[in-house]
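A short write-up of the structure that comes next.
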Amino acid sequence: DGRATSDTDVSDQNDELSLYNNAIRQCMRMGRIEEAEALLMNMDQVGLKPDVLSYNLVMNSCAASGDSARAGQLLDSMLSQNISPNEVTYATICKVLAVNGDVAHIQHFLRLLQHSNIQMNVYFYGALISACG
974 DGRATSDTDV SDQNDELSLY NNAIRQCMRM GRIEEAEALL MNMDQVGLKP DVLSYNLVMN
1034 SCAASGDSAR AGQLLDSMLS QNISPNEVTY ATICKVLAVN GDVAHIQHFL RLLQHSNIQM
1094 NVYFYGALIS ACG
């Protein structure tokens, strides 16, 4: 029946999304940020919508390399696709800002978090302490 097909389609998309996220994770582990980002951008072309994990994985690579501009562009892309950032997203952005000593932008994200229903986690506080120390 039509419903079974729909459920199967959703399951197939979830499987494909997991495969893409695992491929992004592997690229990240090997330091291949450009390839990880290309996989993320390719998802739309194959009919998959990236999720918050997809973006967080690539942003984490940016944070590890100190590329705050690229992380910010990814956050903008994420928001333009109506994908809601989570506490990991904000902590990752703050981590890259901390690497660059950008306390003002971290404070901006702190204010955003205070006005949202997202709880700050230990990673966010660690980034804040790192940026100030």
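FYI, in the working numbering the residues of the sequence shown are 974 to 1106. No residue lacks a Cβ here, since even glycine has one placed at the ideal position from N, Cα and C.
Residue i, buried or exposed, once every other Cβ within 10 Å from all chains shown has been counted against 16
i	result
Tyr1028	buried
Leu1030	buried
Ser984	exposed
Ile1102	exposed
Val1069	buried
Three-state secondary structure assigned by DSSP to residue i
i	result
His1078	helix
Gly1099	helix
Leu992	helix
Asn1059	coil
Arg1043	helix
Ser1050	helix
Gln1018	helix
Gly975	A caution first: Gly975 carries a pLDDT of 48, below 50, which makes its placement in the model too unreliable to give a value.
Met1032	helix
Gln1092	coil
Asn987	helix
Distance CB(residue i)-CB(residue j) smaller than 8 Å
i	j	result
Phe1097	Ala1044	no
Glu1060	Asn1033	no
Asp1040	Leu990	no
Residue i - containing alpha helix (DSSP H), residue span
i	result
Met1003	Taken as a continuous stretch (DSSP letters only), Met1003 belongs to no alpha helix (DSSP H), as it is neither H nor E.
Contact between the stretch 1084-1092 and the stretch 1045-1054 (3+ Cβ pairs under 8 Å)
no
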